[in-house]
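**Q**
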Amino acid sequence: MSRSYRHIELQNMLVRWISNRSFKMCGLPEFNSIGYVADFVAIAGMHDEYHTKYTRHSGLKKKYMRMDINNGDVWKIFGDIDRWYVCVFEVKVSRSDFLNTFGNRKTLHSKARMKPAGTAHWIVAEKGICKPEELPEFWGLLTPYGTGLTELKRPKLHILPDNKLHAIAFDMLWLQMNYRKSYYDQMIDMAKTVEDIHKAIIADKPKLELLRRSNKAIKACCGFAISDDGVQEIPNG
Numbered sequence: 352m353s354r355s356y357r358h359i360e361l362q363n364m365l366v367r368w369i370s371n372r373s374f375k376m377c378g379l380p381e382f383n384s385i386g387y388v389a390d391f392v393a394i395a396g397m398h399d400e401y402h403t404k405y406t407r408h409s410g411l412k413k414k415y416m417r418m419d420i421n422n423g424d425v426w427k428i429f430g431d432i433d434r435w436y437v438c439v440f441e442v443k444v445s446r447s448d449f450l451n452t453f454g455n456r457k458t459l460h461s462k463a464r465m466k467p468a469g470t471a472h473w474i475v476a477e478k479g480i481c482k483p484e485e486l487p488e489f490w491g492l493l494t495p496y497g498t499g500l501t502e503l504k505r506p507k508l509h510i511l512p513d514n515k516l517h518a519i520a521f522d523m524l525w526l527q528m529n530y531r532k533s534y535y536d537q538m539i540d541m542a543k544t545v546e547d548i549h550k551a552i553i554a555d556k557p558k559l560e561l562l563r564r565s566n567k568a569i570k571a572c573c574g575f576a577i578s579d580d581g582v583q584e585i586p587n588g
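Here this note's numbering is used: position 158 in the sequence shown is 509, and no number is missing along the way.
#1: In angstroms with no decimal places, state the Cα-to-Cα distance between G396 and R372.
#2: Hey, T452 and S461: beta-carbon distance below 8 Å or not?
#3: What does the Cβ neighbour count give for A389, buried or exposed, with the cut at 16 atoms within 10 Å?
#4: Can you name the residues that DSSP bridges to I394?
#5: Are three or more beta carbon pairs between the segment 417–427 and the segment 461–471 nearer than 8 Å?
#6: Ignore the nearest five residues each way along the sequence and tell me which others in G499's own chain have a CB closer than 8 Å to its CB.
#7: Going by DSSP, which residues form a beta bridge with P483?
#8: To which residues of the same chain is D433 closer than 6 Å at the C-beta, ignoring the five residues directly before and after it?
#9: Can you tell me which of the three DSSP states G491 falls into?
#10: Count the other CB atoms within 10 Å of the CB of W490; is the residue buried (16 or more) or exposed (fewer)?
#11: Express the C-alpha separation of W473 and K556 in angstroms, rounding to a whole number.
#12: Please work out which residues of its chain come closer than 7 Å, Cβ to Cβ, to F374, disregarding the five sequence neighbours upstream and downstream, and give them in chain order.
#13: Could you tell me the alpha carbon to alpha carbon distance between T458 and M523, rounded to whole angstroms?
#14: So, P487 versus K504, is the Cβ gap smaller than 8 Å?
#15: Could you pull out every residue in the same chain whose Cβ sits closer than 6 Å to the Cβ of V439, ignoring the five residues on either side in sequence?
#16: Would you mind working out which of R456, K404, N455, D448 sits nearest G479, comparing C-alpha positions?
#17: Grab the span of the beta strand (DSSP E) containing K427 for me, first residue to last.
#18: What did DSSP end up calling E546 once you bin it into helix, strand or coil?
#19: Would you check if the distance between the CB atom of L361 and the CB atom of V437 is smaller than 8 Å?
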């Protein structure tokens, strides 16, 4: 299913947003190893400032190590939650899109999102599409503000077992190897579509043909699958 330009813009904005709040981040779009297909899932090592904010908001204590002098001077781990989060994002560009996912809680599509799948969860939506009080407490809300995002609602953190985090990380790294190959394939496709435009200009092709080829090139740059036997309309967003 094709995503609108605005959906892609919001997805890029959320990647920058979580990158700015973590010292290391690995993520993939349309990742389905959490029980459903999320628009973006990242494993992020959160900066201490943000880790502190989210743990306090959730009533949890940060994990830390210290020597336990009462038990033979051995190092022990204290606290509830580590700074490594599995971050789950859903992008919503319309009210109907939001209601389809979170409005009808009887559907499997909606039920899957009514329980935590990661450590922290956010909906990224245009202002007015949904209200913070409409969301479960473990879902946060991000809305566009200038060229970035602002957090209207902080999520309550879910303590994810280490084995679950490690399983998600393994799936993500495995998939990234395939994504890297498909990324290079897409770059080649983009180069070919631009080359087609170049050849059409040299051959003095009609304007309609130039528009058709440029339309194909734009879609290739956005990651849309294009067939040679027809070009779809560019989505308006």
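Think of the CB as a built atom: it goes at the ideal place given N, C-alpha and C, for glycine as much as any other residue.
**A** Let's see:
#1: As a working note, residue 396 is residue 45 in the sequence shown. As a working note, residue 372 is residue 21 in the sequence shown. Taking the straight line from one Cα to the other gives about 8 Å.
#2: What you label residue 452 is simply residue 101 of the sequence shown in a count that begins at 1. What you label residue 461 is simply residue 110 of the sequence shown in a count that begins at 1. Yes, they are a contact pair.
#3: Within the sequence shown, residue 389 is the residue found at index 38, counting from 1. Looking at its Cβ environment, which holds 16 or more other Cβ atoms inside 10 Å, A389 is buried.
#4: Locating residue 394 in the sequence shown gives position 43, where the first residue counts as 1. Partner residues in the beta bridge of I394, as assigned by DSSP, are C377, V437.
#5: In this structure the segment 417–427 does not touch the segment 461–471; the number of beta carbon pairs closer than 8 Å is below three.
#6: Taking the sequence shown and counting its residues from 1, the one referred to as residue 499 is at position 148. So the qualifying residues of the chain are M364, R367, W368.
#7: Position 132 of the sequence shown, counting from 1, holds the residue named residue 483. Bridge partners of P483: none, in fact.
#8: Counting from one through the sequence shown, the residue named residue 433 turns up at place 82. Its chain contains K414 as the residues whose beta carbon lies nearer than 6 Å to that of D433, once the 5 sequence neighbours on both sides are disregarded; these appear in chain order.
#9: Taking the first residue of the sequence shown as 1, we reach residue 491 at position 140. Three-state result, G491: strand.
#10: Along the sequence shown, read from residue 1 onward, the residue named residue 490 stands at position 139. Result: buried.
#11: Against the sequence shown, residue 556 aligns to sequence position 205. Against the sequence shown, residue 473 aligns to sequence position 122. Going from the Cα of K556 to the Cα of W473 covers about 48 Å.
#12: Position 23 of the sequence shown, counting from 1, holds the residue named residue 374. Closer than 7 Å at Cβ, skipping near neighbours: G396, H398.
#13: What you label residue 458 is simply residue 107 of the sequence shown in a count that begins at 1. What you label residue 523 is simply residue 172 of the sequence shown in a count that begins at 1. If you take the alpha carbons of T458 and M523, they lie about 27 Å apart.
#14: If you number the sequence shown from 1, residue 487 lands on position 136. If you number the sequence shown from 1, residue 504 lands on position 153. Their beta carbons are not under 8 Å apart, which means P487 does not touch K504 by this criterion.
#15: Working through the sequence shown from its first residue, we reach residue 439 at position 88. In chain order, A389, V392, A468, G469, H472 place their CB closer than 6 Å to the CB of V439, counting only its own chain and leaving out the 5 sequence neighbours on each side.
#16: Locating residue 479 in the sequence shown gives position 128, where the first residue counts as 1. The option with the nearest alpha carbon to G479 is D448.
#17: Along the sequence shown, one-based indexing puts residue 427 at 76. Its beta strand (DSSP E) spans residues 425–429.
#18: Within the sequence shown, the letter at position 195 stands for residue 546. Helix at E546.
#19: For the purposes of this step, residue 361 is taken as residue 10 along the sequence shown, with counting starting at 1. For the purposes of this step, residue 437 is taken as residue 86 along the sequence shown, with counting starting at 1. Against a cut-off of 8 Å, the Cβ pair of V437 and L361 comes out as no contact.
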